[in-house]
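Numbering (the numbering used here), first residue to last: 259 to 592. To start, the structure under review is shown below, and the notes come after it.
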């Protein structure tokens, strides 16, 4: 493990970044606010070079993963060899416990402290495969378009349910063109996603492997590849299940507290939702998971608890087919 001399916490904003630099003794060495742009990164690097014994290879940058707003820092520092750690905001917040007040500078200090205290858990940023990065962006765009289309259709259903037919007619007249355009654009984005997946033999093969598992559809497989960086971020099924929010944790203390086993709330909610939909599909289809569900429910288990167990099983099966490189073979007598 690298021995770091400096730890940099950055509170990423849309226009500006608050930066706090501390040394190995948690002594504050530098604080500044910079534009979230290439010029701002150049200013930061000039200030860092003034610190005693500063070297990029012995410095750890930590920031919350804020999507596109992280890109200026990543695009500038990653190519010159900086150690970048993009961590979930939820993990940082929960690790710090109760804090008072909130300013960008204070948040940068807290992130710097998180960086030094949890450096053993660091997962340094690596550029993913170019095609997968493009697929991720397209998938996110599809999600946004789907949300906009859903807003139009939901309002139509609300007018229909309330018997507001005049309002319904007006809504349909004024939104029909936009809805048709959105649906057309969604299909176009889906076509681009498919084309990029087919352009990568590895992505295409892994999609087929995941979809060989009963219940796992195209969207679940796609986002599983995206969130795991084509299964390079997670190779352990238990860790992936925890990340997806389907790993059960005991809730007990001493002899008096005996709560129900629960899953962590610090989870990827998108992945958790997709796995739940996959579990619903698996239970509807003839097979071992349907039999498992019916057997456990008949034995008195709560349905949601059984569904979660199935989601967990699906994650383990995904990791298994990826490790073997062969399609899923059900051990089930039809």
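Backbone N, C-alpha and C fix where the C-beta goes; we use that ideal spot for every residue, glycine too.
Counting only the same chain and skipping the five closest in sequence on each side, list residues whose C-beta sits under 6 Å from that of residue i.
i: residue 341; result: 318, 382
i: residue 558; result: none
i: residue 262; result: 316, 318
i: residue 539; result: 473
Suppose the cutoff is 7 Å on Cβ atoms and the five residues either side in sequence are ignored; what does the same chain contact list for residue i look like?
i: residue 526; result: 485, 501, 502, 503
i: residue 561; result: 555
i: residue 366; result: 267, 268, 269, 276, 277, 278
i: residue 414; result: 426, 429, 430
Can you look up residue i in the DSSP assignment and give me helix, strand or coil?
i: residue 515; result: Note that residue 515 has pLDDT 45, beneath the 50 cutoff, so the model's placement of it is unreliable and the number below is only indicative. If DSSP states are grouped into helix, strand and coil, residue 515 belongs with the strands.
i: residue 290; result: strand
i: residue 586; result: coil
i: residue 552; result: helix
i: residue 443; result: helix
i: residue 403; result: helix
i: residue 416; result: helix
i: residue 379; result: helix
i: residue 494; result: coil
i: residue 365; result: helix
i: residue 466; result: helix
i: residue 449; result: helix
i: residue 423; result: helix
i: residue 560; result: coil
i: residue 474; result: coil
i: residue 541; result: helix
i: residue 309; result: coil
i: residue 360; result: coil
i: residue 304; result: helix
Taking the DSSP output, what are the residues bridged to residue i?
i: residue 269; result: 276
i: residue 317; result: 264
i: residue 322; result: 345
i: residue 281; result: 264
Please work out which residues of its chain come closer than 8 Å, Cβ to Cβ, to residue i, disregarding the five sequence neighbours upstream and downstream, and give them in chain order.
i: residue 299; result: 292, 330, 331, 334, 335
i: residue 457; result: 389
i: residue 324; result: 270, 347
i: residue 296; result: 330, 333, 334
i: residue 417; result: 423, 425, 426, 429
i: residue 363; result: 269, 276, 278, 289, 291
Pop quiz: residue i and residue j are said to be a contact at Cβ under 8 Å. What is the actual Cβ separation, rounded to whole angstroms?
i: residue 338; j: residue 314; result: 7 Å
i: residue 369; j: residue 320; result: 6 Å
i: residue 371; j: residue 452; result: That belief does not hold up - the Cβ atoms of residue 371 and residue 452 are roughly 45 Å apart, past 8 Å.
i: residue 568; j: residue 550; result: 7 Å
**OP:** Please determine if the segment 418 to 430 and the segment 462 to 481 are in contact, where contact requires at least 3 C-beta pairs separated by less than 8 Å.
**Re:** no
Original post:
Does the count of Cβ pairs from the segment 455 to 472 and the segment 572 to 584 closer than 8 Å reach three?
Top reply: yes
Original post:
Taking three-plus beta-carbon pairs below 8 Å as touching, is the segment 406 to 418 in contact with the segment 438 to 448?
Top reply: yes
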